[in-house]
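Written out below as structure tokens is the structure these notes cover.
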Amino acid sequence: MPAPAASSRQKDPMQQPHHVIVAGAGPVGLTAALIIARAGVRVTLLEKRDRLNEASKASTFHAPTLAVLDHLGVLPAMLAQGQDVTHIQYRSTEQGILGEIALAELKHDTDYPYRLHLEQSRITPLLLAQLRAHPHADVRFGTAFLDAAPDTGGVTVRVQDPKGVHTLRADYLLGTDGARSQVRESMGLPFDPTPYPGCVLRVLADESLERILPGLRPISYLVNGDASASFLRMPDCWRIILRVPPDVDQAHAQSRAWILERLRQLVPGLAELPNILGQDVYSASKFVAGTYRAGHIYLAGDAAHLSNTRGGMNMNCGLHDAYFMATALVEGLRQGDQAIVDAAADRRHRVAADSLLPRTDAMVTGQATWLDNVKGLLGDPAQRLAFLRRTAMLDMAPELARRIDPVSAAA
9 MPAPAASSRQ KDPMQQPHHV IVAGAGPVGL TAALIIARAG VRVTLLEKRD
59 RLNEASKAST FHAPTLAVLD HLGVLPAMLA QGQDVTHIQY RSTEQGILGE
109 IALAELKHDT DYPYRLHLEQ SRITPLLLAQ LRAHPHADVR FGTAFLDAAP
159 DTGGVTVRVQ DPKGVHTLRA DYLLGTDGAR SQVRESMGLP FDPTPYPGCV
209 LRVLADESLE RILPGLRPIS YLVNGDASAS FLRMPDCWRI ILRVPPDVDQ
259 AHAQSRAWIL ERLRQLVPGL AELPNILGQD VYSASKFVAG TYRAGHIYLA
309 GDAAHLSNTR GGMNMNCGLH DAYFMATALV EGLRQGDQAI VDAAADRRHR
359 VAADSLLPRT DAMVTGQATW LDNVKGLLGD PAQRLAFLRR TAMLDMAPEL
409 ARRIDPVSAA A
């Protein structure tokens, strides 16, 4: 899909006639702001924190997302820092390694036939460095979004920084300020997420895990009845993802005793734990905003949708939101046609409601038939390829299967 071309730079880029405000400097907001700035449109990025959020959150980047990040010039640094994933491994307690699926089977479907594992907190500084170097971008940390009032000509935004409350004027506002979005609240949209039962335990372990479970691939799934574990190789550790039943106390779930007990359900006779570097628990919910637009205000990322963490799809979907919404905002401004932006917002809403949530729900509810499904994939090349396309999210963002046409350099 062609990206918006850069316009000629004026002597003072911040005097460009058009202006977009992006609220929230997570990966979605940074991506959207950078696309807008590179297209020659003035963009102001607001972030209530004094610095980037350093919490380690999402970790998996799928093919369409890699296309966006390659387009923005940060993929080489990500590849140097990250863990590339070329195979998905499946195991059961009774049968051991059931088989592996090579992501290279996607080589005719995408220019990025692999996954990349890298902490979200390692990517945002790369995007921020690119954005801060751009003359069309104004990055404001320590600046909280308060509210917004859209009208026929644009949107008026109130913000608060250490010097007080200020008013900003823009053509459009894009809310990328997370699950507890103030932008969404200012649009009058309810936030009514549906929680998934139980919680998720994330355990960080060192390479001793490979001694306990030899032959692990960088992404491996192990199932025994209702118990399951996902093993993700990160650049400097392993992530072990365990599902905690609703009747287990969260504090107890983080104890070495419970972790050992759970792993023994999956690896009978396990004598010891790997060296644990840390652990935490988190809950997951599902949600899609009733609409992604109200006047000149739009939503993207967690502000627009939430899903469970299986498959690592929610953040990837958010980054696709960023690309398509930013591209539409630029094109809408160039053509003077807001219908372009509205149509993009409606398409992204359909992707979340009709594809993202049903797919991630099925990953949770399909545990009972998991073994049969895996055997079917391993034995049927056509079924396997269709599965790989879905897990790579290529059907949700087919325009991003290939390298994006580069933005022409500004004069």
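When you line the sequence shown up against the numbering used here, it's residues 9 to 419, in that order.
Glycine is no exception: its CB is placed at the ideal position from the N, C-alpha and C atoms.
Would residue i and residue j qualify as a contact pair, given that the criterion is a beta-carbon distance under 7 Å?
i, j, result
"Gln89", "Arg130", "yes"
"Gly150", "Asp234", "no"
"Ile305", "Ala75", "no"
"Leu53", "Ala41", "yes"
"Gly32", "Thr184", "yes"
"Gln190", "Phe239", "no"
"Val231", "Ser100", "yes"
"Ala45", "Ala145", "yes"
"Val382", "Leu106", "yes"
"Gln91", "Glu108", "no"
"Asn316", "Thr368", "yes"
"Lys65", "Gln168", "no"
"Pro201", "Ser293", "yes"
"Leu126", "Met86", "yes"
"Leu135", "Leu38", "yes"
"Ala156", "Val147", "no"
"His70", "Met371", "no"
"Ile249", "Arg219", "no"
"Asp388", "Arg397", "no"
Could you check if residue i is buried or exposed, using at least 16 other CB atoms within 10 Å of its CB as the buried criterion?
i, result
"Asp255", "exposed"
"Arg225", "buried"
"Arg264", "exposed"
"Arg17", "Low per-residue confidence applies at Arg17: pLDDT is 43, beneath 50, and the placement is therefore not dependable enough to give any value."
"Asn283", "exposed"
"Asp1", "The structure shown does not extend to residue 1, since the chain is modelled only from 9 to 419, so the question has no answer here."
"Ser228", "buried"
"Pro35", "buried"
"Ser216", "exposed"
"Leu268", "exposed"
"Arg188", "exposed"
"Ala14", "Low per-residue confidence applies at Ala14: pLDDT is 46, beneath 50, and the placement is therefore not dependable, though the value from the model is reported in the following sentence. Result: buried."
"Gly319", "buried"
"Asp310", "buried"
"Val165", "buried"
"Ser416", "With a pLDDT of 36 at Ser416, under the threshold of 50, the modelled position of that residue is not reliable, and the figure given next carries that caveat. Exposed, by the Cβ-count rule."
"Ala352", "buried"
"Pro414", "exposed"
"Ala419", "The pLDDT assigned to Ala419 is 25, lower than 50, so where the model puts this residue is not dependable; a value taken from the coordinates is nonetheless given after this. Per the 10 Å Cβ criterion, exposed."
"Gln138", "buried"
"Ala213", "buried"
"Pro173", "Strictly speaking, residue 173 in this sequence is Val, with Pro absent from that position. Exposed, by the Cβ-count rule."
"Glu280", "exposed"
"His260", "exposed"
"Thr73", "buried"
"Pro177", "For the record, residue 177 in the displayed sequence is Arg; it is not Pro. Result: exposed."
"Glu62", "exposed"
"Arg270", "buried"
"Lys171", "exposed"
"Gly104", "exposed"
"Glu102", "exposed"
"Ala112", "exposed"
"Gly8", "The first residue shown for the chain is 9 and the last is 419, placing residue 8 beyond what the model contains."
State the start and end residues of the unbroken alpha helix (DSSP H) segment that holds residue i.
i, result
"Arg355", "346-359"
"His260", "258-261"
"Leu379", "378-387"
"Glu423", "Any answer about residue 423 is impossible in this case: the structure gives the chain only from 9 up to 419."
"Leu38", "35-46"
"Leu74", "71-79"
In the DSSP assignment, find the unbroken beta strand (DSSP E) run with residue i in it and report its ends.
i, result
"Ile248", "246-252"
"Val296", "293-296"
"Arg342", "Note, Arg342: premise wrong, no beta strand (DSSP E); alpha helix (DSSP H) at 321-343."
"Ala31", "27-31"
"Asp288", "284-290"
"Glu55", "50-55"
"Ile425", "Examination of residue 425 is not possible in this model, given that the chain is present from 9 through 419 alone."
"Ala235", "235-241"
"Ile267", "Ile267 -> not in any beta strand (DSSP E); alpha helix (DSSP H) instead, spanning 264-274."
"Leu307", "305-307"
Suppose only complete runs of 4+ residues qualify. What are the alpha helix (DSSP H) ranges in the stretch 90-155, listed by chain order?
128-140
When you compare the stretch 281-295 with the stretch 328-337, are there three or more beta-carbon pairs, one atom per stretch, that lie closer than 8 Å?
no
For the stretch 154-208, list the beta strand (DSSP E) runs that are entirely contained and at least 3 residues long, ordered along the chain.
162-169, 172-178, 180-183
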